[in-house]
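J.: Before we start, here is the structure in question, set down as C-alpha cells.
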Amino acid sequence: MKKQLTQFKFFTLAFLLFSLLININSFAQNRVSARSGNWSDANTWDAVDVNKTGTVSIANLSKNVTGTGTAFLTELSIGSLLYTQTGTFIGTVTTISSDTSLTIYNDFLFDSLVSSAYKTTGGVPSPDENVTIISNHEVYVDANYACASISIAPTNNNISNLYLYDTFSLTVNGIVTLGNAGANNRRGKIDMTDGGVLICKGFALGNAGTNVFLPGTGTVQFTADNTLPLTRIKKFNNLTILNGSTTAATNFTVEGVLNIASSSTLNMSTFRLLGASLTSFGSGLIRTQNT
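Numbering-wise, this note's numbering puts 228 at position 222 of the sequence shown, and it's gapless, one number per residue.
Structure below.
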C-alpha cells in the first residue's frame, strides 16, 4: 500500500509539473523575424498561432470589435491579424481603444460574430511577446510599438539589425539583448542615427563579439534597476533614467541630455561621466564613490 501511495504521489506531481509547463508556454510567446522590413508589416514576422484571452463580438456589418474578458492593450498591436480559433479571418487591427474595444479592417464584413474565442496568426508582435531578430534581417520601427523583450541575435554567423528613427518609439518591457550566445560572430546592431526612442529595463550583451550600438540622435530611457554593459554600449545621445538605479560598469558618454527622474539614481562609483555638450535635468541623484 505504501508503495502504491508513493507511485500515486509521483505521478500526481509529474502531472502537475507537466500542466504548469503547458500553462507557462501558453503565456510565454516568442516571435521571430521572417525577413527584413518595417515593424508594422505582418510579412516581417513569422506566422504562429497564439490563442488570446476572452471572447470577441462584432455587431452586424460593423468594424468595431467588443471583447469580453479580453486584454487587447497587452495582447494585441496595431497590425495584429485576428482569427476565430476555428480559423476564420476576422480582420487586421487598426485601432485599440481599451482592453475591450478595438477596430478592424477587412475586405468583407461579418453579418455578426457573437462571443467567439479568437487567436492571432502572424501579424505584428504584441506587447506581451518576446521578439528575436535573426539572420541578417533589418527591422525598422516605423511607428510606436511594444514587446516583452527583444534580442537582436542571429542564429548564424551574421549581424541582425534594429533601426529606430524620427520620433517613433519601441517600448521593451524587459531587456534588450545584442548578440547570440552561440558564437561571438552572431552579432546584433541597434542604429539610432536618425533618432527614435528606445524604452527598456536595460541592455545585455549575448556574447563578446563586435555588437554595435549607434546612439545617433536617439533617446534611451531606462525603466528599472540595471547595470550598463562593460563594453559596446558606452555612448548615448539622450539618456533618461525614469525609474530605479542605473549603475555604470565603466566610463561612458552622454552627448545630449541626461535626465534623471525624481527618486531615480545614476550610480557612477569610480567611473567618469563624459559629454562635451552634456545637459542634466531632473531631480534624481548622481552617486559617485564618495556620495
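Yeah, the Cβ is synthetic: ideal placement off N, Cα and C, and Gly gets one too.
On a predicted model such as this, the values are computed, not experimentally measured, just so you know.
Buried or exposed: Leu280, going by 16 or more other Cβ atoms within 10 Å of its Cβ?
T.: Here residue 280 is taken as the residue at index 274 of the sequence shown, counted from 1. When all chains shown are included, Leu280 counts as exposed.
J.: By the three-class DSSP mapping on this structure, what secondary structure does Leu279 have?
T.: Taking the first residue of the sequence shown as position 1, residue 279 is located at position 273. DSSP places Leu279 within a strand segment (E or B) once states are collapsed to three.
J.: Can you give, in chain order, each stretch of the alpha helix (DSSP H) that sits fully within the stretch 138-215 and has at least 4 residues?
T.: Scanning the stretch 138-215 from its first residue to its last, no whole alpha helix (DSSP H) run of 4-plus residues comes out.
J.: When we look at the beta-carbon of Leu67 and count the other beta-carbons within 10 Å, is it buried (16 or more) or exposed?
T.: Along the sequence shown, one-based indexing puts residue 67 at 61. So Leu67 ends up on the exposed side.
J.: Taking Thr223 as part of the beta strand (DSSP E), name the residues at either end of that continuous run.
T.: Residue numbering aside, residue 223 sits at position 217 when the sequence shown is read from its first letter. That residue, Thr223, is in no beta strand (DSSP E); it is neither H nor E in DSSP.
J.: Determine the contact status of Ala159 and Gly212, defining contact as a CB-CB distance below 8 angstroms.
T.: To locate residue 159, count along the sequence shown from 1; it is residue 153. To locate residue 212, count along the sequence shown from 1; it is residue 206. For Ala159 and Gly212, yes; Cβs fall inside 8 angstroms.
J.: How would you label Gly93, buried or exposed, when you count the other beta carbons within 10 angstroms and need 16 or more for buried?
T.: Residue numbering aside, residue 93 sits at position 87 when the sequence shown is read from its first letter. The residue in question, Gly93, is exposed, as its Cβ has fewer than 16 Cβ neighbours within 10 Å.
J.: Grab the span of the alpha helix (DSSP H) containing Leu79 for me, first residue to last.
T.: If you number the sequence shown from 1, residue 79 lands on position 73. Residues 78-81.
J.: Return yes when the Cβ of Asp47 is within less than 8 angstroms of the Cβ of Val38, no when it is not.
T.: Numbered from its first residue, the sequence shown carries residue 38 at position 32. Numbered from its first residue, the sequence shown carries residue 47 at position 41. Not a contact, by the Cβ cut-off of 8 angstroms.
J.: With a cut-off of 8 angstroms, do at least 3 Cβ pairs link the stretch 119-133 to the stretch 157-174?
T.: Cβ pair count under 8 angstroms is below three, so no.
J.: Around the Cβ of Asn244, are there at least 16 other Cβ atoms within 10 angstroms (buried) or fewer (exposed)?
T.: Your numbering for residue 244 matches position 238 in the sequence shown. Asn244 counts as buried, since no fewer than 16 other beta carbons sit within 10 angstroms of its beta carbon.
J.: Tell me whether the beta-carbon of Leu87 lies closer than 8 angstroms to the beta-carbon of Gly129.
T.: Locating residue 87 in the sequence shown gives position 81, counting from the first residue. Locating residue 129 in the sequence shown gives position 123, counting from the first residue. Yes.
J.: Residues in its own chain within less than 6 angstroms of Leu184 by CB, not counting five upstream and five downstream?
T.: Here residue 184 is taken as the residue at index 178 of the sequence shown, counted from 1. Ile158, Gly194, Leu211, Asn217, listed in sequence order.
J.: Quick check: the stretch 71-86 against the stretch 55-63, are at least 3 beta-carbon pairs closer than 8 angstroms?
T.: Output reads yes: the stretch 71-86 touches the stretch 55-63.
J.: Cβ atoms of Gly97 and Ile84: under 8 angstroms apart, would you say?
T.: On the sequence shown, position 78 is the one that residue 84 refers to. On the sequence shown, position 91 is the one that residue 97 refers to. Not closer than 8 angstroms, so no.
J.: Please state the DSSP three-state secondary structure of Thr50.
T.: Working through the sequence shown from its first residue, we reach residue 50 at position 44. Helix at Thr50.
J.: Could you tell me the alpha carbon to alpha carbon distance between Ala255 and Thr246, rounded to whole angstroms?
T.: Along the sequence shown, read from residue 1 onward, the residue named residue 255 stands at position 249. Along the sequence shown, read from residue 1 onward, the residue named residue 246 stands at position 240. Going by the C-alpha atoms only, they are around 17 angstroms apart.
J.: With distances taken from CA atoms, which of Thr276, Asn257, Thr253, Leu248 is nearest Phe287?
T.: Within the sequence shown, numbered from 1, the residue matching residue 287 stands at position 281. The residue with the shortest Cα to Cα distance from Phe287 is Leu248.
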